[in-house]
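Q: Converting from the sequence shown to this note's numbering requires adding 75 to each position, the first position being numbered 1. Even glycine gets a Cβ: it sits at the ideal position worked out from N, Cα and C. Take this structure first; my questions come after.
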Amino acid sequence: MKITAISDIHGNFNDSVVDLVKASDITLCLGDLVEFGEITTKAFDFLLQLKSAGKFLMIPGNCDTDCLSSFLEYHDGLNIHKKTVDYSGFSFAGFGGFVDAITYSRAMRAHFLSGTETFIESTLAQIEGSSWIKDFMQTLGLRFEGKKLVASPESDDLILGWDKFRSSCEFEENEIYDFFVLNASDCDIWLSHTPPFGFPGSERMGGFSIGSKGLLNAVVARQPQFVISGHIHCGGVWQLGKTICFSVPPMSENYALILNIDTDSTLTHEVIRIM
């Protein structure tokens with residue numbers, strides 16, 4: 076089976092993807108079709124082109140709106156969010172979106188507060204060269220007094236400020252875990268917009284992973300053959316027990332991931348640049 080995976084398109088509706096779909100047994104899109112809130116008829120036309128070219132499944136990303144989710148639901152066979160699909164001898168399960176903003180913000184805040192002396196020095200150095208890092212920390216209720224990191228008490232006003240991180244497609248970690256463990260434990264291939272927590276390359280400010288702990292725990296518990304994700308805008312492979320996890324590099328930069336699975340389950344993969 077030849078699988079093409081694309082993710083994080085962000086408005087780059089490259090017509091050459093249609094040829095990829097035609098040349099593949101199945102094509103998977105891991106979300107973020109557009110930038111935040113910028114859904115257009117051009118985006119819908121692009122999806123319908125891909126659907127007409129071959130077997131195509133999609134989950135939404137954190138940038139995708141409820142409007143896109145409704146579109147996917149309306150066009151039967153496109154949407155695999157919170158669903159399982161059997162195709163050509165393989166079973167697929169999908170869960171789109173992102174971890175809810177409140178959980179994410181609390182985790183980031185705790186990560187900063189538990190930082191080592193080296194971490195503190197590194198963060199101070201980054202603040203000197205980047206004002207947005209300081210602004211980000213203020214949003215989390217954190218500030219430096221000299222070399223000491225000080226936290227404001229968690230309050231309703233502080234939490235309200237975390238709304239700026241919100242997506243229209245976000246979920247709690249237990250929802251992600253429960254879906255895969257309870258509904259997809261027998262599925263061969265899991266699709267998630269967000270990678271498992273700790274995936275190499277998923278580290279952001281202060282080395283904090285923006286992956287999902289719910290997905291990580293589900294993978295450890297159920298050990299599917301493969302997990303394919305996007306969101307972090309870089310390619311990569313990570314072995315979790317018996318499970319091979321793939322991160323799909325961004326289609327916004329014309330990248331795609333090709334997987335070939337032979338009848339004896341031998342796997343080859345490559346990242347390609349779409350011209």
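Check Gln314 in the structure and name its three-state DSSP category.
A: On the sequence shown, residue 314 is found 239 positions in, with the first residue counted as 1. Looking at Gln314 - three-state DSSP - the assignment turns out to be strand.
Q: Using DSSP's beta-bridge definition, name the partner residues of Asn154.
A: By 1-based counting over the sequence shown, the position of residue 154 is 79. Answer by DSSP bridge pairing, in chain order: Met133.
Q: Determine whether the beta carbon atoms of Ile134 and Gly106 lie at a separation below 8 Å.
A: If you number the sequence shown from 1, residue 134 lands on position 59. If you number the sequence shown from 1, residue 106 lands on position 31. Yes, the Cβ-Cβ distance between Ile134 and Gly106 is below 8 Å.
Q: Looking at Arg218 and Phe255, is the spacing between their C-beta atoms short of 8 Å?
A: For the purposes of this step, residue 255 is taken as residue 180 along the sequence shown, with counting starting at 1. For the purposes of this step, residue 218 is taken as residue 143 along the sequence shown, with counting starting at 1. Cβ atoms of Phe255 and Arg218: not closer than 8 Å.
Q: Counting only the same chain and skipping the five closest in sequence on each side, list residues whose C-beta sits under 8 Å from that of Asn89.
A: Locating residue 89 in the sequence shown gives position 14, where the first residue counts as 1. Cβ within range, chain order: Met326, Asn329, Ile349.
Q: Can you tell me the Cβ-Cβ gap for Val109 and Ser287, rounded? I've got them flagged as a contact below 8 Å.
A: Stepping through the sequence shown from its first residue, residue 109 is reached at position 34. Stepping through the sequence shown from its first residue, residue 287 is reached at position 212. About 22 Å separates the two Cβ atoms, so there is no contact after all.
Q: Would Ile307 and Pro270 qualify as a contact pair, given that the criterion is a beta-carbon distance under 8 Å?
A: Your numbering for residue 307 matches position 232 in the sequence shown. Your numbering for residue 270 matches position 195 in the sequence shown. Yes. Within cutoff.
Q: Using CA atoms only, rank isn't needed, just tell me which of Ser166, Thr140, Leu132, Tyr162 is closest to His150.
A: Along the sequence shown, one-based indexing puts residue 150 at 75. It is Leu132.
Q: Using CA coordinates, which residue listed in Ser145, Ile101, Ser144, Ile155 is at the minimum distance from Ser127?
A: The residue given as residue 127 occupies position 52 in the sequence shown. Here the closest residue by C-alpha is Ile101.
Q: Does DSSP put Cys142 in a helix, in a strand, or in coil?
A: The sequence position of residue 142 within the sequence shown is 67, counting from 1. If DSSP states are grouped into helix, strand and coil, Cys142 belongs with the helices.
Q: Leu291 and Gly273 - do their beta-carbons sit closer together than 8 Å?
A: Start at 1 with the first residue of the sequence shown, and residue 273 comes out as number 198. Start at 1 with the first residue of the sequence shown, and residue 291 comes out as number 216. In this structure, Leu291 lies closer than 8 Å to Gly273 by Cβ.
Q: Can you have a look at Asn154 and say buried or exposed, based on whether 16 or more other CB atoms are within 10 angstroms of its CB?
A: In the sequence shown, the residue the question calls residue 154 occupies position 79. By the neighbour-count rule (16 or more Cβ atoms within 10 Å), Asn154 is buried.
Q: Does Glu248 pass the burial test, meaning 16 or more other C-beta atoms within 10 Å, or should it be called exposed?
A: Indexing the sequence shown from 1 puts residue 248 at position 173. Looking at its Cβ environment, which holds 16 or more other Cβ atoms inside 10 Å, Glu248 is buried.
Q: In this structure, what does DSSP give as the bridge partners for Pro270?
A: For the purposes of this step, residue 270 is identified with residue 195 of the sequence shown, where counting begins at 1. None, per the DSSP bridge assignment.
Q: Helix or strand or just coil, what does DSSP make of Val93?
A: Looking up residue 93 in the sequence shown gives position 18. Helix.
Q: Can you pull the DSSP bridge partners for Thr338?
A: The residue given as residue 338 occupies position 263 in the sequence shown. None; Thr338 has no bridge partner.
Q: Exposed or buried, Ala185, counting other C-beta atoms within 10 Å across all chains shown (16 or more means buried)?
A: Along the sequence shown, read from residue 1 onward, the residue named residue 185 stands at position 110. Classification for Ala185: exposed.
Q: Hey, Pro299 and Ile264 are a contact pair by Cβ (cut 8 Å); roughly how many whole angstroms apart?
A: On the sequence shown, position 224 is the one that residue 299 refers to. On the sequence shown, position 189 is the one that residue 264 refers to. Rounded, the Cβ-Cβ distance is 7 Å, consistent with contact.
Q: At a threshold of 7 Å, does Ser322 count as lining the ligand FMN (C-beta to nearest heavy atom)?
A: Here there are no bound small molecules, and the ligand FMN is not part of this structure.
Q: What does DSSP give as the partner residues of Ile195 in its beta bridges?
A: The residue you call residue 195 lines up with position 120 of the sequence shown. Beta-bridge pairing links Ile195 to no other residue.
Q: In angstroms, rounded to a whole number, what distance separates the CA positions of Phe294 and Gly129?
A: Within the sequence shown, numbered from 1, the residue matching residue 294 stands at position 219. Within the sequence shown, numbered from 1, the residue matching residue 129 stands at position 54. Here residue 294 is Val; the residue named in the question, Phe, does not match the sequence. Near 29 Å, if we compare the C-alpha coordinates of Gly129 and Val294.
Q: Quick check: Phe246 and Tyr179, are their CB atoms within less than 8 Å of each other?
A: Numbered from its first residue, the sequence shown carries residue 246 at position 171. Numbered from its first residue, the sequence shown carries residue 179 at position 104. No. Outside cutoff.
Q: If the criterion is Cβ atoms closer than 8 Å, does the pair Phe146 and Phe119 meet it?
A: Mapped onto the sequence shown, residue 146 falls at position 71. Mapped onto the sequence shown, residue 119 falls at position 44. Contact flag set, yes.
Q: Can you list, in chain order, the residues of its chain with a C-beta nearer than 7 Å to that of Thr159? Leave out the 5 residues immediately preceding and following it.
A: As a working note, residue 159 is residue 84 in the sequence shown. Within the same chain, Thr159 has close Cβ partners Ser166, Phe167, Ala168, Asn258, Ala259, Cys262.
Q: Is the beta carbon of Leu334 sitting closer than 8 Å to the one on Ile78?
A: On the sequence shown, position 259 is the one that residue 334 refers to. On the sequence shown, position 3 is the one that residue 78 refers to. It is a contact, given that the beta carbons lie within the stated cut-off.
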